[in-house]
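To start, the structure itself, in structure tokens.
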């Protein structure tokens with residue numbers, strides 16, 4: 001699962017399952033997913049690698065592409081150290 | 083590398099070249115009294131035309147989507163970085179002479195040079211910010 005960083009003490013908080021979901025959906029390529037949600041392949045690569053947090057609109061589009069809820073694609077992980 | 087990255091690399095190289103040429107011309111003018119002003123103007127013109135022609139050759143990427151929300155965010159942040167760099171430059175040139183030599187006088191003919199220097203500074207910072215945000219990826223940004 002890829003994680004994306006956020007500022008402050010809470011780091012690496014958003015994780016996603018896009019890579020796994022792509023393979024579970026008849027091995028969809030990054031390009032195919034990008035075309036379906038209307039972004040560039042670079043953006044899909046960045047999201048999968050956790051280097052970019054998508055907008056809510058894009059997150060919903062990705063979830064609908066896989067026909068699942070948004071929380072099954074993206075999870076907010078509370079990584080704050082005590 | 084997408085179109086934005088190619089343009090950023092070109093502008094970065096050209097702004098560095100511009101800075102180098104600018105410093106060279108200033109030194110030439112200082113140490114070679116009869117160095118022609120037309121050489122500076124001609125050099126700048128050739129550089130500007132060359133950049134425009136070179137950038138216009140970068141065709142739009144193939145595919146349905148070539149510019150999305152991430153590119154927009156990168157562009158916005160790069161503009162902000164460019165603006166910040168110019169702001170810092172103006173603060174620097176406004177206060178540095180006072181700090182170095184409070185009693186010295188600056189010839190007014192120097193002030194028009196602030197504009198091209200600000201343009202170079204803005205181009206440099208914006209291109210650098212664009213490239214940093216896209217990352218040092220290989221083909222299509224894949225690490």
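Residue numbers (my numbering), protein chains in the order written: chain A, 1 to 82; chain B, 83 to 225. Backbone N, C-alpha and C define an ideal beta-carbon position, used for all residues, glycine too.
Would residue 211 of chain B count as contacting chain A if we go by Cβ distances under 8 Å?
Sequence index remark: in the second chain, residue 211 of chain B carries index 129 (1-based). It does not; no Cβ of chain A falls within 8 Å.
I believe residue 212 of chain B touches residue 90 of chain B by the beta-carbon criterion, under 8 Å. Please report the beta-carbon distance rounded to the nearest angstrom.
As a first step, residue 212 of chain B is located in the second chain; it is residue number 130 there, counting from the start. As a first step, residue 90 of chain B is located in the second chain; it is residue number 8 there, counting from the start. That belief holds up - the Cβ atoms of residue 212 of chain B and residue 90 of chain B are roughly 4 Å apart, short of 8 Å.
By the three-class DSSP mapping on this structure, what secondary structure does residue 169 of chain B have?
For the purposes of this step, residue 169 of chain B is identified with residue 87 of the second chain, where counting begins at 1. In the structure shown, residue 169 of chain B sits in a helix (DSSP, three-state: H, G or I).
Member of B:217, B:168 and B:140 whose CA lies at the smallest distance from the CA of residue 205 of chain B:
Here residue 205 of chain B refers to the residue found at position 123 when the second chain is read from its first residue. Closest by alpha carbon: B:168.
Just verifying my parser: in three-state terms, what is the DSSP assignment at residue 207 of chain B?
Along the second chain, one-based indexing puts residue 207 of chain B at 125. Residue state, collapsed to three classes: helix.
Looking at C-alpha atoms only, which residue of B:159, B:120 and B:102 is the closest neighbour of residue 209 of chain B?
Taking the first residue of the second chain as 1, we reach residue 209 of chain B at position 127. Residue 209 of chain B has its Cα closest to that of B:159, out of B:159, B:120 and B:102.
Rounded distance between the beta-carbons of residue 37 of chain A and residue 73 of chain A, thought under 8 Å:
Locating residue 73 of chain A in the first chain gives position 73, where the first residue counts as 1. Locating residue 37 of chain A in the first chain gives position 37, where the first residue counts as 1. Not quite, the Cβ-Cβ distance comes to about 11 Å (not below 8 Å), so this is no contact.
Can you have a look at residue 97 of chain B and say buried or exposed, based on whether 16 or more other CB atoms are within 10 angstroms of its CB?
One-based indexing of the second chain puts residue 97 of chain B at position 15. Flag for residue 97 of chain B reads buried.
Taking just the CA atoms, how far does residue 114 of chain B sit from residue 154 of chain B?
Here residue 154 of chain B is taken as the residue at index 72 of the second chain, counted from 1. Here residue 114 of chain B is taken as the residue at index 32 of the second chain, counted from 1. So the alpha carbons of these two residues sit roughly 47 Å apart.
Just to make sure I have the definition right: I need the residues of chain B whose C-beta is within less than 7 Å of the C-beta of residue 32 of chain A. Which are they?
Numbered from its first residue, the first chain carries residue 32 of chain A at position 32. Those do not exist, as residue 32 of chain A stays about 11 Å from chain B at its closest Cβ, beyond 7 Å.
At a cut of 8 Å, does the stretch 13-29 of chain A reach the stretch 123-136 of chain B through at least three beta carbon pairs?
no
In angstroms with no decimal places, state the Cα-to-Cα distance between residue 65 of chain A and residue 152 of chain B.
Along the first chain, one-based indexing puts residue 65 of chain A at 65. Along the second chain, one-based indexing puts residue 152 of chain B at 70. Spanning the two alpha carbons is a distance of roughly 19 Å.
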